[in-house]
Amino acid sequence: MTLSNPLPDAVFKAYDIRGTVPEQLNPEFAHRLGLALAQRARTEGITALVVGYDGRLSSPDLAQALQDGIMAGGINTIDIGMVPTPLVYFATHVKKTGSGIAITGSHNPPQYNGFKMMMGGKTLFGAGVQALKDVMRTVSAPAGTTRGTRTRVDVINDYIQRIVSDVKLARPLRIAIDCGNGVGGTVAPQLFETMGCQVTQLFCDVDGQFPNHHPDPADPHNLQDLIRCVTTGDYDLGLAFDGDADRLGVVTKSGQIIWPDRQLILYARDVLRRVPGGTVIFDVKCSRHVARSVSKAGGKPLMWKTGHSMIKTKLAETGAALAGEMSGHTFFNERWYGFDDGLYTGARLLEILSRSDDPSAELEALPQGVSTPEIKLEMQEGEPHALIKRLQEEGKFPSAESLITIDGVRAEYHDGFGLARASNTTPVVVLRFEGDTPEALARIQREFHSALNDLAPQAKLPF
35 MTLSNPLPDA VFKAYDIRGT VPEQLNPEFA HRLGLALAQR ARTEGITALV
85 VGYDGRLSSP DLAQALQDGI MAGGINTIDI GMVPTPLVYF ATHVKKTGSG
135 IAITGSHNPP QYNGFKMMMG GKTLFGAGVQ ALKDVMRTVS APAGTTRGTR
185 TRVDVINDYI QRIVSDVKLA RPLRIAIDCG NGVGGTVAPQ LFETMGCQVT
235 QLFCDVDGQF PNHHPDPADP HNLQDLIRCV TTGDYDLGLA FDGDADRLGV
285 VTKSGQIIWP DRQLILYARD VLRRVPGGTV IFDVKCSRHV ARSVSKAGGK
335 PLMWKTGHSM IKTKLAETGA ALAGEMSGHT FFNERWYGFD DGLYTGARLL
385 EILSRSDDPS AELEALPQGV STPEIKLEMQ EGEPHALIKR LQEEGKFPSA
435 ESLITIDGVR AEYHDGFGLA RASNTTPVVV LRFEGDTPEA LARIQREFHS
485 ALNDLAPQAK LPF
């Protein structure tokens, strides 16, 4: 089969496939990806792949073409329709395939889409994604292979029932939820109402144009509607979901944003009561208070690389009870399946907080330092990784107590930390700083500014 257009190298990312529609991703691309995934499934003895898709305008056509390619390659598909990404992962467990594809652009703008993939119980990332590109260049439907079949399955009710059968509220809560017109709106209102919550819905109708705000709770601007709602009404707290609902944002009734690393402290304390001595994984962007709090609760803190695929793989390798990263992906391996799921994380959060007389006060009492949001140094393609490599080898951090280089450079100080790492999705260096005091924060930033300026004097440092 000859490609009418060459494969765009740029869409094969570290964690998944992602690009613009129709210039980079289109039905022809999806069909060839389906053929390549079918070929890999045959070699691994996998007979069926779960396929679900988000609410973007391009998703139904990509899902159709992907499944046509998979079936042409002799593999069956389990079509679960328009659902949040976590329900694709859920279906791979309950349908016992361990394999599936979520068609989603996550939190990217409307013109983007992508593919998150699992095969044989493992997330495809890094070399696994690059290997697909090589196969897609030449793949064709194998001669003499019986075409696969498609089975349509509704998993939403099974998913909700599985959660409410186990996650129990001590008392009803009043919550506002903001789905940002993402696909989370197909599940979130029903899930939380079935749990016994009184739910006010913001932007829970699915609209791939995202007309109200961008579906990304990592950006405070996108939480302003939810903050206005919970601060002016009678609510215990507010929950926000990203475009495919695998990440969670949390807002208290006073309007404070509880960032995911602080949330992780709350989840860790709860999980470690039932899993004493358990391991809790967190990424290099998280606060120092995470490791301290995990240790204090009797657990084993383990810092790891940023990226949902990296964390998921480490979780499987270590058998950790819980994992989370600063971006909002949280992974419960206790009472759940170990995949990132903003909806389930919201349910577990409500279970914990329903035992409190004042949920917002409990959230606001979680430890925190003085910190910056993510600061992004924009560079040309290829430059960030080269700069970080030099920073690891030559960077000078004279007052740091230690340097952690598993993912960029994280310098640990007696009163804070600084981080510089290359993004795996865009050509930027991501920086983050935390200090016990504003003075400590400023000093650490100055040291990083000097170290980066020594190696890249031409860079326009944004701090």
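Take any residue in the sequence shown, note its place counting from 1, add 34, and you have its number in the working numbering.
Glycine included, each C-beta is placed from N, C-alpha and C at the ideal position.
Distance from residue 413 to residue 493 at the Cβ level is roughly 7 Å; contact confirmed, criterion being Cβ atoms closer than 8 Å.
Annotated three-state conformation of residue 359 is coil, per DSSP.
Within the model, the alpha-carbon separation for residue 235 versus residue 244 is close to 15 Å. CA-CA distance, residue 93 to residue 353, rounds to 34 Å. Counting along the chain, residue 335 sits inside the beta strand (DSSP E) bounded by residues 334–338.
With respect to the 8 Å criterion, residue 469 and residue 453 are not classified as neighbours on the basis of their beta carbons. Taken through DSSP and simplified to helix, strand or coil, residue 374 comes out as strand. For residue 58, the number of other beta carbons within 10 angstroms of its own is at least 16, and it is reported as buried. In the three-state reduction of the DSSP assignment, residue 313 falls in the strand class, which pools E and B. By the C-beta density criterion, residue 359 is buried, having at least 16 other C-beta atoms within 10 angstroms.
The stretch 412–493 contains, as complete beta strand (DSSP E) runs of 3+ residues, the segments 436–438, 443–447, 450–456 and 462–469 (chain order). In this chain, the beta strand (DSSP E) harbouring residue 87 covers 82–87.
Contact between residue 75 and residue 109 holds, since their C-beta atoms are separated by about 5 Å, short of 8 Å.
Close CB contacts of residue 433 within its chain, under the 8 Å cut and outside five residues either way in sequence, are with 447, 477 and 481 (chain order). Taking one beta carbon from each stretch, the stretch 415–422 and the stretch 396–407 have fewer than 3 pairs nearer than 8 Å; the two do not touch. Judged by DSSP secondary structure, residue 212 falls within the beta strand (DSSP E) whose first and last residues are 208–212. In the three-state reduction of the DSSP assignment, residue 226 falls in the helix class.
With a beta-carbon spacing of about 27 Å, residue 304 and residue 140 fall beyond the 8 Å limit used to define contacts.
Taking C-alpha positions only, residue 368 is separated from residue 291 by approximately 26 Å.
Residue 240 has no beta-bridge partner at all, per DSSP. Per DSSP, reduced to three states, the secondary structure at residue 365 is strand. In the same chain as residue 247, and ignoring 5 residues on each side of it, the C-beta atoms closer than 8 Å to its own belong to 214, 237, 255, 256, 258 and 259, in chain order. For the pair of segments examined, the stretch 144–159 was found to touch the stretch 66–80: the number of CB pairs separated by less than 8 Å reaches three. Residue 297 sits buried, since 16 or more C-beta atoms from the chains shown fall within 10 Å of its C-beta. Relative to residue 479, the option among 456, 444 and 459 whose CA is nearest is 444.
In the structure shown, residue 269 falls within a coil segment according to DSSP collapsed to helix, strand and coil. Per DSSP, residue 282 is one residue of the beta strand (DSSP E) stretching across 282–286.
Between residue 64 and residue 99, the CB-CB gap stays under 8 Å. Annotation: the stretch 144–181 contains the following complete segments of the alpha helix (DSSP H) (minimum length 4 residues), in chain order: 161–170. A straight line joining the alpha-carbon of residue 128 with that of residue 41 spans about 34 Å. Proximity of the stretch 384–393 to the stretch 188–208 meets the contact definition, three or more beta-carbon pairs being nearer than 8 Å. For a cut-off of 8 Å, the C-beta gap from residue 113 to residue 185 is around 7 Å, short enough to register as a contact. For the options 489, 337, 106 and 143, the alpha carbon positioned closest to that of residue 175 is the one of 106. In this structure residue 163 does not touch residue 122 by the C-beta definition: roughly 17 Å separates them, more than the 8 Å allowed. Within the same chain, and ignoring the five residues on either side of residue 336 in sequence, the residues whose Cβ sits closer than 6 Å to its Cβ are 313 and 315. About 18 Å separates the beta carbon of residue 198 from that of residue 125, a gap too long to meet the 8 Å contact definition.
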